[in-house]
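Residue numbers (our numbering): 5 to 218.
Don't be surprised by glycine CBs; every beta carbon is placed ideally from N, CA and C.
Below: the structure, in structure tokens.
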Ligand SMILES: N[C@@H](CCC(=O)N[C@@H](CS)C(=O)NCC(=O)O)C(=O)O
């Protein structure tokens, strides 16, 4: 049984969604980023000394603990090619997806973090918000041909990652005018894998909170 470390409303939702799409049931462990405790008492620093979720503990003989959202989601999708969640490794289609995943990690996910944590100067805030709006605009443009999901007709790791890092409201990046993206979000919101991820996350967060107050 694998163990997936998650935190509330973070990029770890992308891994939960992909696991749900495939039908995997990793044990969920909640990491509280504020007090650095876990819902099962594990030391999270042993899983990832940088204290970032997600971490997938494979619980294998070599005790591999996978970090990096794009690595974990791609690994799970690769292990289950029948899911159609990612193109086959070694193809140009796959390179294009990897390009997009790195773009999302660097131009979207990590750009949000200093904004959400209010770490930037006024100039830096405006600059970074503009970068985010530009990045989201490229995704909106992809969807302009009427495709249901970011790669085409089928849901993929790319959709899961963009959805899980849609933090524009918390960052103050104004993307309300991107109508294709809004319609895409509604489609992703409705997926059972996404609903289950939110429900499972809320449950483990509540359990962890109850332990703290017991
Ligand atoms: N390089 C990692 C970064 C993951 C990351 O930024 N995780 C955030 C949540 S989305 C986190 O754990 N933050 C904890 C903290 O800042 O204390 C990845 O791409 O997966």
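Per DSSP, the bridge partner or partners of residue i
{"i": "residue 59", "result": "9 and 71"}
{"i": "residue 34", "result": "10"}
{"i": "residue 156", "result": "153"}
{"i": "residue 142", "result": "DSSP, once it has assigned bridges, lists no residue as partnering residue 142."}
{"i": "residue 42", "result": "35"}
Residues of its chain near residue i, where Cβ-Cβ distance is below 7 Å and the 5 sequence neighbours each way are ignored
{"i": "residue 79", "result": "70"}
{"i": "residue 157", "result": "151"}
{"i": "residue 137", "result": "177, 178 and 179"}
{"i": "residue 66", "result": "none"}
{"i": "residue 63", "result": "5, 6 and 7"}
{"i": "residue 93", "result": "82"}
{"i": "residue 41", "result": "none"}
{"i": "residue 84", "result": "26"}
Any non-hydrogen atom of ligand 1 within 7 Å of residue i CB
{"i": "residue 55", "result": "yes"}
{"i": "residue 72", "result": "yes"}
{"i": "residue 91", "result": "no"}
{"i": "residue 177", "result": "no"}
{"i": "residue 14", "result": "yes"}
{"i": "residue 37", "result": "yes"}
{"i": "residue 85", "result": "no"}
{"i": "residue 118", "result": "no"}
{"i": "residue 51", "result": "no"}
{"i": "residue 58", "result": "yes"}
{"i": "residue 109", "result": "yes"}
{"i": "residue 23", "result": "no"}
{"i": "residue 164", "result": "no"}
{"i": "residue 139", "result": "no"}
{"i": "residue 113", "result": "yes"}
Residues of its chain near residue i, where Cβ-Cβ distance is below 8 Å and the 5 sequence neighbours each way are ignored
{"i": "residue 163", "result": "153, 154, 155, 188 and 192"}
{"i": "residue 211", "result": "34 and 43"}
{"i": "residue 202", "result": "17"}
{"i": "residue 30", "result": "5, 6, 7, 8, 23 and 60"}
{"i": "residue 10", "result": "16, 17, 19, 20, 32, 33, 34, 35, 57, 58, 205 and 208"}
Other residues of its chain near residue i: CB distance less than 6 Å, five sequence neighbours each side excluded
{"i": "residue 289", "result": "Nothing can be reported for residue 289, as the shown portion of the chain is limited to 5 through 218."}
{"i": "residue 109", "result": "74"}
{"i": "residue 52", "result": "59 and 71"}
Proximity test, residue i beta-carbon vs ligand 3 heavy atom, cut-off 7 Å
{"i": "residue 101", "result": "You won't find ligand 3 in this model; what it holds is ligand 1."}
Checklist entry - Are the segment 175-192 and the segment 138-150 in contact at 8 Å, needing three or more beta carbon pairs? => result yes
Next on the checklist: Three Cβ pairs or more, each shorter than 8 Å: is that satisfied between the segment 87-102 and the segment 32-43?
Outcome noted: no
Checklist entry - Enumerated in chain order, which unbroken segments of the alpha helix (DSSP H) with a length of 4 residues or greater are wholly contained in the segment 105-141? => result 114-120
Next on the checklist: Taking contact to mean 3 or more Cβ pairs, one atom from each stretch, closer than 8 Å, check whether the segment 165-172 and the segment 9-24 are in contact.
Outcome noted: yes
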